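**Student:** All the letters of the sequence shown, read from the start, carry residue numbers 0 to 479 under numbering that gives the first Met the number 0. One structure is given below, represented as structure tokens, and several questions about it will come after.
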Amino acid sequence: MSDFDYDLFVIGGGSGGVRAARVAAGETGAKVGLAEMDRYGGTCVIRGCVPKKLMVFASEYAGMPAEARAYGWDIGDGVFDWAAFRGKLNTELDRLEGVYRKLLSGSGVDSFDARARLKDAHTVELSTGEVKTAKHILIASGGRPVRPDMPNAELGMVSDDLFHMERLPKSILIVGGGYIACEFACILHGLGVEVTQYYRGAQILRGFDDEARGLIADAMKERGIDLHTGTNIVEMHRSHDPREEGLEAAPVEDKQYGGDHHAGPSDGAIRVKATNGNIREFDAVLFATGRAPNTADMGLEEAGVTLGRGGAIEVDDYSQTKVPSVYAIGDVTNRVNLTPVAIREGMAFVETVFRGNPTPVDHALIPSAVFTQPEMGTIGLSEEAAAEQEEIEVYCTSFRPMQTAFADKSDRVLMKLIVSKASRRVLGCHIVAPGAGEMIQLAGIAIKMGATKEDFDRTVAVHPTMSEEMVTMRNPIRTA
Ligand code: FAD
């Protein structure tokens, strides 16, 4: 009989925490407790991947009537009803949260609807006043969006707020160039919002392959997104600041978004001055400028857990912190911030600690997608990163796909393979095309297995498809 209340106590009921808790309890028989301070399912289910992808689907219908007409359909342009969509979205998120709660209770996990803090290496304190001891503690508290440190930044929304908007803004300024900024630029544009995007860097989607990000930036502009790179906000305020008229300022907090949500399309427009000198008004501003790990006020450093850059928990290859009984997984460790990675880290933790099979987390060759329009699927090294590492051959093709070319659309797709000259292995694969996320999942298996360019060449094409180009690129377009 253990001296502790639990074998494992998990802080955070998101992707990583829920998986680790239910596998440890359901499959290894460990006694597990879990605290979640907000909604079960965490970022992915409640304010990330899932609602975002449903919004991607909603926005993609925008281009379909025109395309359908080109194919002979007698069909008119429709009107998007945000309120109807948001209602259905909320119902779906409620359903999914229920599924997550059931998964935990069905595996025998004790759930606590409370905020948790570390008291010491084996103890957590809950906001309910309860104190629980555990042989092992797993921190899976995720991350949150942060606003830039500038006056009036609270007038802008962050990604969490988007799903709660009472109405769609007429116009929006999106600040940022990462995947979340670009995805929401495309989503909101598709839903009929006039979208302007400022990014201070030279090109959006930093870290991805240059040609792929260039094609996406061009496509976004061509579709009507007013994208400005090398541009940032200098200052922002409400256009009709009552103080300018000697009146008391209206509270910034907009009640319609509920407690935590501070901004959205508001009565007064927001006036923004940019680094290029432009002064423009927008109905709303979205800051997609970064995320921070949830490590503040959790008693971590007091208990001996060390934090690295930006407040992320420092862990070793087995997700163990400097305190041997305390582990951390997912976004709170800021390694690769993706749902399937948090889940893998949770599984590796259970394998290591509860099955006695030390399992490091494999962060090599992770396929991922960016749900812009057009979509990107990517795995491995960009051409630029690979060329710094070794001599490479680059195989690349860009063309107008049959489906949209027939409808006289100028959309282009890109298929690109980066190949090691020495080993012939495919080091990177980058696809910009409708459905690229689906394609890269499967290409990822071959590449993870160590496929060479000749393995790709040996594979017979599926015709007529876009992805057949992946196995028919005969000659490198350049070497580096
Ligand atoms: P989370 O899912 O964030 O869960 C952490 C949980 O801990 C939260 O529920 C939080 O309320 C709780 N918590 C925090 N502190 C405490 C405390 N002290 N006590 C109790 N509970 C606490 N990833 C993809 O793979 N694909 C995508 O398409 C994708 N799209 C995204 C889109 C957006 C807009 C965002 C924001 C993220 C997206 N992500 C995507 C990233 C993905 O959501 C995260 O990587 C993933 O959710 C991380 O899981 P986690 O378990 O580490 O943390």
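From the three backbone atoms N, C-alpha and C, an ideal C-beta is built for every residue, glycine too. None of the values given here were measured: they were computed from a predicted structure.
Which residues does DSSP pair with E392 in a beta bridge?
**Tutor:** Taking the sequence shown and counting its residues from 1, the one referred to as residue 392 is at position 393. In DSSP, E392 forms a bridge with V418 and T478.
**Student:** Quick check: the Cα distance between G206 and S381, rounded to an integer number of angstroms?
**Tutor:** By 1-based counting over the sequence shown, the position of residue 206 is 207. By 1-based counting over the sequence shown, the position of residue 381 is 382. So the alpha carbons of these two residues sit roughly 8 Å apart.
**Student:** If you draw a straight line from the alpha carbon of V108 to that of E96, how long is it in whole angstroms?
**Tutor:** Here residue 108 refers to the residue found at position 109 when the sequence shown is read from its first residue. Here residue 96 refers to the residue found at position 97 when the sequence shown is read from its first residue. Going by the C-alpha atoms only, they are around 16 Å apart.
**Student:** Alpha carbon to alpha carbon, what distance is there between Q372 and L426?
**Tutor:** Here residue 426 corresponds to residue number 427 of the sequence shown, with the count starting at 1. Here residue 372 corresponds to residue number 373 of the sequence shown, with the count starting at 1. Going from the Cα of L426 to the Cα of Q372 covers about 25 Å.
**Student:** Compute the minimum distance between the beta carbon of I179 and the heavy atoms of ligand 1, and state whether it is under 7 Å.
**Tutor:** Your numbering for residue 179 matches position 180 in the sequence shown. True, at least one ligand heavy atom lies under 7 Å from that Cβ.
**Student:** What's the C-alpha gap between P433 and P64?
**Tutor:** In the sequence shown, residue 433 corresponds to position 434, counting from 1. In the sequence shown, residue 64 corresponds to position 65, counting from 1. Roughly 17 Å separates the two Cα atoms.
**Student:** I10 and A139 look like a contact to me (Cβ under 8 Å); what is the Cβ gap, rounded to whole Å?
**Tutor:** By one-based count along the sequence shown, residue 10 stands at place 11. By one-based count along the sequence shown, residue 139 stands at place 140. Indeed they touch by this definition, with Cβ atoms about 6 Å apart.
**Student:** Using 8 Å as the cut-off, can you tell me whether the stretch 329-340 makes contact with the stretch 166-175, which would need three or more C-beta pairs spanning the two stretches below that distance?
**Tutor:** They do not touch, by the three-pair rule.
**Student:** Can the beta-carbon of A211 be found less than 8 Å from the beta-carbon of T377?
**Tutor:** Looking up residue 211 in the sequence shown gives position 212. Looking up residue 377 in the sequence shown gives position 378. In contact: A211 and T377 (Cβ atoms closer than 8 Å).
**Student:** Less than 8 Å between C-beta atoms, sequence neighbours within five positions excluded: which residues of the same chain meet that for I269?
**Tutor:** As a working mapping, residue 269 is identified with position 270 in the sequence shown. Excluding sequence neighbours, I269 sits near L154, G155, L172, M235, H236, R237, S238, E280, F281, D282, A283 and V284.
**Student:** Just to confirm, is the Cβ distance from G307 to V322 under 8 Å?
**Tutor:** The residue labelled residue 307 in the question sits at position 308 within the sequence shown. The residue labelled residue 322 in the question sits at position 323 within the sequence shown. Result no, Cβ atoms of G307 and V322 do not sit closer than 8 Å.
**Student:** Can we count F398 as close to ligand 1, meaning its CB is less than 7 Å from some heavy atom?
**Tutor:** Taking the first residue of the sequence shown as 1, we reach residue 398 at position 399. Every heavy atom of ligand 1 is 7 Å or more from the Cβ of F398, so no.
**Student:** Quick one: Cα of M164 to Cα of G142, how far?
**Tutor:** As a first step, residue 164 must be located in the sequence shown, where it is residue number 165. As a first step, residue 142 must be located in the sequence shown, where it is residue number 143. C-alpha separation (whole angstroms): 21 Å.
**Student:** Measuring CB to CB, does F8 end up less than 8 Å from K118?
**Tutor:** Numbered from its first residue, the sequence shown carries residue 8 at position 9. Numbered from its first residue, the sequence shown carries residue 118 at position 119. No, Cβ-Cβ distance for F8 and K118 is not below 8 Å.
**Student:** Which residue from E300, E437, A368 and I446 puts its Cα closest to that of S466?
**Tutor:** Here residue 466 corresponds to residue number 467 of the sequence shown, with the count starting at 1. That would be E437, whose Cα lies nearest to the Cα of S466.
**Student:** DSSP three-state label for M469, please.
**Tutor:** Within the sequence shown, the letter at position 470 stands for residue 469. It is helical.
**Student:** Ignore the nearest five residues each way along the sequence and tell me which others in G257's own chain have a CB closer than 6 Å to its CB.
**Tutor:** What you label residue 257 is simply residue 258 of the sequence shown in a count that begins at 1. Here the model assigns G257 a pLDDT of 33, short of 50, so the residue's position is not dependable and the matter cannot be decided.
**Student:** Would you say A460 faces chain B, with C-beta separation under 8 Å as the test?
**Tutor:** The chain labelled as chain B is not found in the depicted structure, where only one protein chain is given.
**Student:** If you follow the alpha helix (DSSP H) that G15 is part of, which residue opens it and which one closes it?
**Tutor:** Locating residue 15 in the sequence shown gives position 16, counting from the first residue. Run containing G15: S14 to T27, per the alpha helix (DSSP H) assignment.
**Student:** Under 8 Å by Cβ, that's how I've got F3 and L137 pegged, so tell me the actual separation to the nearest angstrom.
**Tutor:** For the purposes of this step, residue 3 is taken as residue 4 along the sequence shown, with counting starting at 1. For the purposes of this step, residue 137 is taken as residue 138 along the sequence shown, with counting starting at 1. That belief does not hold up - the Cβ atoms of F3 and L137 are roughly 14 Å apart, past 8 Å.
**Student:** Going by DSSP, what residue range makes up the beta strand (DSSP E) through G189?
**Tutor:** Mapped onto the sequence shown, residue 189 falls at position 190. From DSSP, G189 is part of no beta strand (DSSP E) but of the alpha helix (DSSP H) over Y178 to G189.
**Student:** For the beta strand (DSSP E) that contains V431, what are its first and last residues?
**Tutor:** Residue 431 sits at position 432 when you count from the first residue of the sequence shown. V425 to V431 is the extent of the beta strand (DSSP E) around V431.
**Student:** So is V251 buried or exposed if we call it buried at 16+ other beta carbons inside 10 Å?
**Tutor:** In the sequence shown, the residue the question calls residue 251 occupies position 252. Reliability of the predicted coordinates at V251 is poor, the pLDDT of 37 falling under 50, and no value is obtained from them.
**Student:** Following the continuous alpha helix (DSSP H) through M346, name the residue where it begins and the one where it ends.
**Tutor:** Here residue 346 corresponds to residue number 347 of the sequence shown, with the count starting at 1. Element bounds for M346: T338 to F353.
**Student:** Give the range of the alpha helix (DSSP H) segment to which L137 is assigned.
**Tutor:** On the sequence shown, position 138 is the one that residue 137 refers to. Not the alpha helix (DSSP H): L137 falls in the beta strand (DSSP E), residues V130 to I138.
**Student:** Return helix, strand or coil for F3, following the three-state DSSP convention.
**Tutor:** On the sequence shown, position 4 is the one that residue 3 refers to. F3 falls in the coil class under three-state DSSP.
**Student:** With hydrogens ignored, establish whether the beta-carbon of S318 is closer than 7 Å to any heavy atom of ligand 1.
**Tutor:** On the sequence shown, position 319 is the one that residue 318 refers to. Outside the cutoff, so no.
**Student:** Are the Cβ atoms of D6 and K134 separated by less than 8 Å?
**Tutor:** Taking the sequence shown and counting its residues from 1, the one referred to as residue 6 is at position 7. Taking the sequence shown and counting its residues from 1, the one referred to as residue 134 is at position 135. Contact: yes.
**Student:** Under 8 Å, with one C-beta from each stretch per pair, do the stretch 194-201 and the stretch 223-230 reach the 3-pair mark?
**Tutor:** Yes, the stretch 194-201 touches the stretch 223-230.
**Student:** I'd like the span of the alpha helix (DSSP H) that includes K321, first residue to last.
**Tutor:** Within the sequence shown, numbered from 1, the residue matching residue 321 stands at position 322. Run containing K321: none; DSSP gives neither H nor E here.
**Student:** Measuring alpha carbon to alpha carbon, tell me which of A287, R18 and S1 ends up nearest E344.
**Tutor:** Here residue 344 refers to the residue found at position 345 when the sequence shown is read from its first residue. Ranking A287, R18 and S1 by Cα distance to E344 puts R18 first.
**Student:** Does any heavy atom of ligand 1 sit closer than 7 Å to the C-beta of S14?
**Tutor:** Residue 14 sits at position 15 when you count from the first residue of the sequence shown. Yes, since a heavy atom of ligand 1 falls inside the 7 Å radius drawn around the Cβ of S14.
**Student:** Between the alpha carbons of G329 and G105, how many angstroms are there, rounded?
**Tutor:** In the sequence shown, residue 329 corresponds to position 330, counting from 1. In the sequence shown, residue 105 corresponds to position 106, counting from 1. If I take the Cα positions, the gap works out to 23 Å.
**Student:** What is the rounded straight-line gap between the Cα of E390 and the Cα of V418?
**Tutor:** Working through the sequence shown from its first residue, we reach residue 390 at position 391. Working through the sequence shown from its first residue, we reach residue 418 at position 419. When rounded, the distance between both Cα atoms is 9 Å.
**Student:** How is the alpha helix (DSSP H) around E374 delimited, first residue to last?
**Tutor:** Sequence index remark: in the sequence shown, residue 374 carries index 375 (1-based). No alpha helix (DSSP H) contains E374, which DSSP labels as neither H nor E.
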